[in-house]
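Colleague: The structure is given below, and queries will be raised subsequently.
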Amino acid sequence: MASVKVFLDNEQDTVELGKRLAHVITPPLTLNLSGELGAGKTTLSRGLIQALGHEGAVKSPTYALVEPYELGDIELFHFDLYRLSDPEELEYMGIRDYFTDKSICLVEWPDRGHGLMPVADISIAIKYVGTSREVEITSGSTKGQVLLSKLK
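Its first residue numbered 1406, the sequence shown is counted upward by one per residue in our numbering.
Below, the structure written as structure tokens:
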């Protein structure tokens, strides 16, 4: 498992990191995003999703649990598991059906789905450092290691 640390000064830096990620990722891919409320998980997701071709708003799917995006031949699913009260709820929504050879799955609050989520290719942890953010990007698979090397 390799990792890279990045420091972000503001919201635009967070969006730009999402755009950089969009240029190196391909399906199938699972990307986990963790960090405190307001740390920038959805902002990073917005940069990534818009860089892949989505025009319009990118909102956090907190209440719906998942927001689908059709981006050419890529199916992108943006999950927010913050309001998940029991990981078993993921079974009822058919969670495994989302993780296909054509999909990129962005998962905010992945720890809430403990035991039912696949191993992430890339995990991104965002921490507050004063008014800035420290981001640690870690690979969880061989594909993740290749993507990480392209990001550097």
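The beta-carbon is built from N, C-alpha and C at its ideal position, and this holds for glycine as well.
(1) According to the Cβ coordinates, are Pro1432 and Lys1532 closer than 9 Å?
(2) Inspect the beta-carbon positions of Ser1528 and Thr1547 and report whether they are closer than 9 Å.
(3) Which same chain residues end up closer than 6 Å to Asp1414 when comparing Cβ atoms and leaving out the 5 residues on each side of it in sequence?
(4) Could you check the C-alpha separation between Ala1462 and Arg1451 for me, to the nearest Å?
(5) Does DSSP put Asp1478 in a helix, in a strand, or in coil?
(6) Anyone know if the C-beta pair for Val1524 and Gly1518 falls short of 9 Å?
(7) Please name the residue, chosen from Leu1453, Ala1444, Leu1438 and Trp1514, that lies closest to Ser1490 on a Cα-to-Cα basis.
(8) For the region 1412–1426 and the region 1479–1495, state whether three or more C-beta atom pairs, one from each stretch, are separated by less than 8 Å.
(9) Return yes when the Cβ of His1483 is within less than 9 Å of the Cβ of Tyr1474, no when it is not.
(10) From the DSSP output, in three-state form, read off Glu1496 for me.
(11) Could you check the C-alpha separation between Thr1467 and Ser1554 for me, to the nearest Å?
(12) Using only the alpha-carbon positions, how far apart do Leu1383 and Asp1516 sit?
Modeller: According to the data block:
(1) no
(2) no
(3) Ser1537
(4) 8 Å
(5) coil
(6) no
(7) Trp1514
(8) no
(9) yes
(10) helix
(11) 32 Å
(12) Because residue 1383 is not part of the residues shown, which for the chain are 1406 to 1557, the question remains open.
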